[in-house]
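First up is the structure itself, then whatever we jot down about it.
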């Protein structure tokens, strides 16, 4: 039976309506945001110099794989101020212009500042960010209360950074300052006729309303509920021909904020208090979108792809070597390395010829200097100071014993060089007083390590002969051939008789045998008894005949008998 034309049309229309109903919605993406391939760069954990080096590498990798947009996925509690400012500069100068921050799920302190430096900000539905005031922490001691002048000096570069970011993104600069300045009080007002909104401080509020502002906000309360503020970047579909957002806008330093005058009174209405005194701004996802700090939400990589209209998303993670270097430059690890260096260096001197302690000390020194050098924290002069310090200590011990000047200069060089490796960018570099925080961290860590190492050395020195198995480890150098403990460590006023055993000290010119290598300190045996000795000549091998020349402190001075 032939199908009538009307029925056929109905069937075709029905099929068409079904196809239309099941087709995915078409999302209009502004031209400035459109990207085919998006590279997601996770930034997890504390922000530091390793984060900076890692992002430099991954930005280059994103360009190599042809990514037309980069997303910084932020999950961080904050971090170092100098590294944060350098990352913001990197975003403005070397990152693609289509670089977006994705707060997933938190970005406090440094993370907030980095997010503002990007072209746009996406937030996870449960995201939270803010609280970017600088703090000063000292290892072991904890947080330190900063004086007002010092805090203002450190806040200045951060405020300059976020204000510049706000002007480039079209965000009210007063609002972003509330992330950093604890004294910033803000109210949100709206012009009755135009609906324009403005975040004002107490002084501006009095100009607009002719009376002091109401202080009704409770600490921790939510921000005033407002409809989303239109973003200058979130372009409508019919505005795709608009010029793309430029991060390094030459006019970015000109503040676009409206200046209020007494003539504005009666034209504004209060929407609510945004932030109170001695409070820092912290926002959640819905508040960030409502107040223009974020463009939209994204819970998965697929949501990010939809946001850009992208066909592919790739992830460029931090490498294992970058994670290892970050671990090695943490202050607890560096403290441990300094202690290992000091203790193993002491044992190698006390038990010359063993070798394993000298190798361990060398490895500790390599890690102590190598990791900061890879991270860009250690400069050439700091490494040179440490090496010169060890050379001067060696001169004091082996070439010019008893002088003291070379040893003291060596210790000073070692101390200054090691502390210097904690300061990234050099003293007085960018970032206000941030280098002072690093200096305090370096001083505290190095002094704590020196104290811990000194205690460990004292314990080892006292237990040198009583630790089971230690005599085997040092090749028996601490015992005489007769198995008796060494004597000659203390003498009477004449310097001729041992106060512990009462036995006479070897006379000048007495000949004995070196029980351990003398370089220059070690042990030698005279008449079946063991003494601490110091060679005044060249290196003396174990088993070499030695002749006494006199005494120095608790040691006999000897030379090779030949």
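Numbering (this note's numbering), first residue to last: 13 to 574. Each residue gets a CB set at the ideal place from its N, CA and C atoms; glycine is no exception. The model shown is predicted, which means the values in this text are computed figures rather than measured ones.
- The shortest C-alpha to C-alpha distance from residue 49 to any of 283, 188, 328 and 290 is the one to 328.
- For the pair residue 137 and residue 375, the Cα-to-Cα distance works out to about 48 angstroms.
- Looking from the CA of residue 307, the closest CA among 115, 192 and 543 belongs to 115.
- For residue 298, the enclosing alpha helix (DSSP H) covers residues 297-302.
- From the listed residues 543, 532, 325 and 529, the smallest Cα separation to residue 519 is found for 543.
- Distance from residue 79 to residue 44 at the Cβ level is roughly 16 angstroms; contact not present, criterion being Cβ atoms closer than 8 angstroms.
- Pairing residue 281 with residue 201 gives a Cβ-Cβ distance under 8 angstroms.
- For the pair residue 554 and residue 532, the CB atoms are not nearer than the 8 angstroms cut-off.
- Cβ-Cβ separation between residue 77 and residue 368: approximately 47 angstroms, too far for a contact (criterion under 8 angstroms).
- Inside the segment 327-400, DSSP marks no whole beta strand (DSSP E) run of 3 or more residues.
- Shown here, residue 227 sits in coil according to DSSP, grouped into three states, outside any helix or strand.
- Shortest Cα-Cα distance from residue 305 to any of 527, 323 and 189 involves 189.
- Of the residues 471, 568, 55 and 238, the one whose Cα lies closest to the Cα of residue 547 is 568.
- When secondary structure is reduced to three states using DSSP, residue 549 falls in the coil class, being assigned neither helix nor strand.
- For residue 141, the uninterrupted beta strand (DSSP E) run begins and ends at 140-142, by DSSP.
- DSSP, read as helix, strand or coil, puts residue 311 in coil.
- Distance from the CA of residue 471 to the CA of residue 62, rounded to the nearest whole angstrom, comes to 37 angstroms.
- In chain order, 571 and 572 place their CB closer than 7 angstroms to the CB of residue 549, counting only its own chain and leaving out the 5 sequence neighbours on each side.
- The beta carbon of residue 214 sits closer than 6 angstroms to those of 197 and 225, all from its chain and outside the five residues before and after it, given in chain order.
- Of 563, 193, 332 and 552, the smallest CA-CA separation from residue 521 is found for 563.
- Under the Cβ criterion (8 angstroms, minimum of three pairs), the segment 107-124 does not count as touching the segment 267-277.
- Following the DSSP letters along the chain, one finds residue 128 inside the alpha helix (DSSP H) bounded by residues 122-129.
- Under the DSSP assignment, residue 98 falls in the alpha helix (DSSP H) whose first and last residues are 93-105.
- Residue pairing of residue 202 in beta bridges, as defined by DSSP: 209 and 281.
- Taking the C-beta atoms as reference points, residue 192 is found no nearer than 8 angstroms to residue 161.
- Taking one beta carbon from each stretch, the segment 308-317 and the segment 335-344 have fewer than 3 pairs nearer than 8 angstroms; the two do not touch.
- Listed in chain order, the non-local C-beta contacts of residue 356 below 8 angstroms within the same chain comprise 369, 370, 372, 373 and 376, local neighbours out to five positions each way being set aside.
- Residues 285 of the same chain have their beta carbon placed closer than 7 angstroms to that of residue 228, with the five preceding and five following residues left out of the count.
- For residue 77, the secondary structure class from DSSP, reduced to helix, strand or coil, is coil.
- Around the CB of residue 217, 16 or more other CB atoms lie within 10 Å, so the residue is classed as buried.
- For residue 458, DSSP records no beta bridge to any residue.
- Contact between residue 460 and residue 347 holds: CB atoms are separated by about 6 angstroms, below the 8 angstroms threshold.
- For a cut-off of 8 angstroms, the C-beta gap from residue 104 to residue 129 is around 7 angstroms, short enough to register as a contact.
- In this structure residue 139 is not in contact with residue 127, their Cβ atoms being roughly 10 angstroms apart against a cut-off of 8 angstroms.
- Partner residues in a beta bridge of residue 109, as assigned by DSSP, do not exist.
- Remark: C-beta atoms of residue 53 and residue 102 do not approach each other more closely than 8 angstroms.
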